[in-house]
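FYI, in the numbering used here the residues of the sequence shown are 161 to 348.
Backbone N, C-alpha and C define an ideal beta-carbon position, used for all residues, glycine too.
So the structure is just underneath, and the comments pick up after that.
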Amino acid sequence: MNNLHLTVETKIPDDQIAMFHRLYEATFGPLRTKTLVKQVLEHDEFRAEMVDPRVDKHVVWNDAGEPIGLTTLTKHLDTISWISPEYLTARFPEHAARDAIYYVGITLVAPSARQGPAFRAMIESVVQVLVADRAAVGWDICSYNSTRPWFTDRVLTMLGTANLEVSVEDSLIFYGAWFTGDGATKGG
Numbered sequence: 161m162n163n164l165h166l167t168v169e170t171k172i173p174d175d176q177i178a179m180f181h182r183l184y185e186a187t188f189g190p191l192r193t194k195t196l197v198k199q200v201l202e203h204d205e206f207r208a209e210m211v212d213p214r215v216d217k218h219v220v221w222n223d224a225g226e227p228i229g230l231t232t233l234t235k236h237l238d239t240i241s242w243i244s245p246e247y248l249t250a251r252f253p254e255h256a257a258r259d260a261i262y263y264v265g266i267t268l269v270a271p272s273a274r275q276g277p278a279f280r281a282m283i284e285s286v287v288q289v290l291v292a293d294r295a296a297v298g299w300d301i302c303s304y305n306s307t308r309p310w311f312t313d314r315v316l317t318m319l320g321t322a323n324l325e326v327s328v329e330d331s332l333i334f335y336g337a338w339f340t341g342d343g344a345t346k347g348g
């Protein structure tokens, strides 16, 4: 992994949460102005996910012992507040019966390490879990990232080595309108 190593953590120690939150903010913070939907967890929400042992954290560390990549994976669907566990259970009943439905919550790589092997290492680690469990998995990507061919193509290329089917399960479109008459400010 080019002087990187990957661990799977069930709980991030309290004294490391600030370091992980800085990484999270550096990566997800810019999305605050790129997408209408809230893409950035509040500090307390982020901390709750980092200390929840039901959420596995696939972490890539650099030689200095700093996290440069993070992917969260859980089969405890109630830990993901923005999804419908009932949908996934109805959509994948055989997987639900085996407790083999997962959700990928956060995937990020430090801006300075995006061209390196960290992303691939995390995805391969997660895929190993999913293949071993013959799982169904959900994840979400905001339209800002989804419309970047380098991002979606890279994910699908890595998943292409596994025996799987991929489909868009849902989408939500947000609209904006601005009124320009009578001296109102014109929209963006």
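Asked	Found
According to DSSP, is M161 part of a helix, a strand, or is it coil?	Unreliable placement is indicated for M161, whose pLDDT of 47 sits below 50; the coordinate value is still reported in the next sentence. Looking at M161 - three-state DSSP - the assignment turns out to be coil, as it is neither helix nor strand.
For D238, count neighbouring C-beta atoms within 10 Å of its own C-beta (all shown protein chains included) and say buried if the count is 16 or more, exposed if not.	exposed
Apply the 10 Å Cβ neighbour rule to Y247 and answer buried if 16 or more other Cβ atoms are within range, or exposed otherwise.	exposed
Can you name, in chain order, every residue of its own chain whose Cβ lies under 6 Å from the Cβ of W299, other than the five neighbours on each side?	V264
Is the beta carbon of A295 sitting closer than 9 Å to the one on R251?	no
Below 9 Å between beta carbons: does that hold for H218 and M179?	no
Is there contact between the stretch 195-210 and the stretch 268-275, where contact requires at least three CB pairs shorter than 8 Å?	no
Measure the C-alpha to C-alpha separation of A256 and L183 and round it to an integer number of angstroms.	33 Å
Jot down the residue ranges of each uninterrupted alpha helix (DSSP H) in the stretch 182-247, minimum 4 residues, whole runs only, in chain order.	203-211
Among V269, H236, T167 and A278, whose alpha-carbon lies nearest the alpha-carbon of R258?	H236
Going by CA-CA distance only, name the one from A224, L166, V200 and N323 that's closest to I266.	V200
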